[in-house]
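Quick notes on the structure that follows.
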Amino acid sequence: ERRKSEQELQLLVESWREKAEELEHHLAQGREQAEGHRARADELDEQRREVEAQLRSEAAVAKTRIQHLEAEAQRKESALEEAKATLAQQQANAGTRIGGLERQLERETSEVRRLQASKEAVEKEVQGHTQGSAQMMERLGMAAEELFTRQIEFALDKQRLSGALEESRRTLRNSLGVPNPVAAVDSVRITGLEQQLSEERRKSIEQMVALQRAERRCHQLEEGQRRSEEQRSDAVQQAREAERRCVALTEDLRKAHLKQNTLDLRCEETRERAAMAAAEIGTVRYEAKYEAAKLRGALDELRYMLKMQDGPSAANRGYPLRRPGM
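Going by full-length UniProt numbering, the sequence shown runs without a break in its numbering and finishes at 326.
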């Protein structure tokens with residue numbers, strides 16, 4: 001009985017020794033696995049740190065880029081606002097200048113019309129003066145011819161009367177010594193001839209005065225015609241000057257309209273550039289948000305993988321793996 005107990009005890013000791021050796025073997029394997037898991041965990045932790053650092057750096061770069069783009073967008077928006085204000089001011093100035101030019105053009109057009117009417121009136125007046133002066137010159141010519149004819153007739157009559165008077169005087173001298181009834185008749189005839197001579201002299205003087213008056217009237221008409229010509233020349237010069245001013249104002253107005261169209265085109269280009277910049281900024285923001293979300297998803301996935309790998313190693317860390325059935 002004792003031997004049997006010793007044998008059973010020895011068998012039990014052998015069994016426990018084998019179990020202890022097996023347990024030590026499992027413990028060694030567990031330690032090796034634990035070391036491998038610890039090294040793997042350290043490696044994964046290092047990778048996680050590197051990935052986190054990379055993600056943080058990329059996130060910082062993306063944030064910096066977003067801030068830079070936002071600052072650029074604000075700067076472009078401020079520049080756009082300034083450009084809009086400048087264009088609005090230029091448009092207002094251009095509109096004011098165009099309005100002033102249009103009003104000035106209307107005034108110059110009215111002045112041109114007035115000068116044209118004055119020119120036509122002066123031309124009509126000059127034409128009337130010309131016709132009147134022509135008629136007056138014709139009348140003066142006729143009067144001069146008539147006066148010349150009368151002067152010739154007067155000279156002939158004067159010569160005839162002078163001859164008759166001289167003959168009568170000779171006859172009177174000859175007949176002074178001898179009374180003659182014909183002498184009384186001759187004296188009466190001489191008196192009549194002297195009166196006729198005085199009348200012809202008076203008519204000649206009146207004709208000379210009328211001729212001088214006609215000449216003065218002719219000179220006055222010529223002076224009036226000359227003044228009318230000068231006025232017409234001044235009116236024509238003023239009309240030409242007004243036409244040149246109108247042409248210059250029209251050219252200025254055309255340039256102002258061209259400048260206004262250029263400003264409108266520049267404003268439209270600025271709006272298009274602002275719209276393109278806003279679209280580009282929106283695209284960059286969307287891409288930045290997408291990249292950030294993608295990086296956050298990758299970081300969460302990495303953390304989940306690390307957590308899943310850290311779970312079994314933490315549960316088995318420091319404990320031997322148990323065999324089934326034990």
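Just so it is clear, CB atoms sit at the ideal spot from N, CA and C, and this is done for glycine as well. Because the structure is a prediction, the values reported are computed rather than measured.
Closest residue to residue i among the options (Cα-Cα distance)
i, options, result
"S118", "R3, A235, Q135", "A235"
"D213", "M136, L12, E43", "A quick correction: the sequence has Arg, not Asp, at residue 213. Ranking M136, L12, E43 by Cα distance to R213 puts M136 first."
"E269", "Q309, L87, E287", "L87"
"Q207", "E18, C246, I66, F148", "F148"
"G128", "E222, G297, E243, M276", "E222"
"A53", "M305, A298, R266, M308", "A298"
"Q159", "L193, K4, R139, K84", "L193"
"R56", "Y304, K84, R296, L302", "R296"
"T191", "L161, K84, S204", "L161"
"K255", "R266, K289, R97, E146", "R97"
"R266", "Q90, A279, R201, R202", "Q90"
"Q116", "Q231, H26, N174", "Q231"
Straight-line Cα distance separating residue j from residue i
i, j, result
"D274", "V284", "Correcting the residue identity first, residue 274 is Ala in this sequence and not Asp. Cα to Cα, A274 sits roughly 15 Å from V284."
"Q151", "E111", "56 Å"
"I281", "E291", "15 Å"
"Q220", "Q131", "15 Å"
"E125", "G99", "38 Å"
"A144", "L156", "18 Å"
"Q7", "V13", "10 Å"
"D264", "L101", "20 Å"
"M308", "E32", "20 Å"
"L23", "A34", "16 Å"
"R41", "L306", "Looking at the sequence shown, residue 41 is not Arg but Ala. Roughly 8 Å separates the two Cα atoms."
"Q238", "L140", "36 Å"
"E215", "E106", "48 Å"
"D300", "A79", "42 Å"
"R38", "L44", "10 Å"
"I66", "A288", "7 Å"
"E138", "R245", "44 Å"
Cβ neighbour criterion (16 or more within 10 Å) applied to residue i
i, result
"residue 335", "Nothing can be reported for residue 335, as the shown portion of the chain is limited to 1 through 326."
"V188", "exposed"
"L9", "exposed"
"E108", "buried"
"L11", "exposed"
"V122", "buried"
"G30", "buried"
"S228", "buried"
"A242", "buried"
- Query: Just checking, does the stretch 247-262 make contact with the stretch 61-76 on the three C-beta pairs under 8 Å criterion?
  - Reply: No, they do not touch.
- Query: Does the count of Cβ pairs from the stretch 156-165 and the stretch 197-206 closer than 8 Å reach three?
  - Reply: Counting Cβ pairs under 8 Å, three or more are found: they touch.
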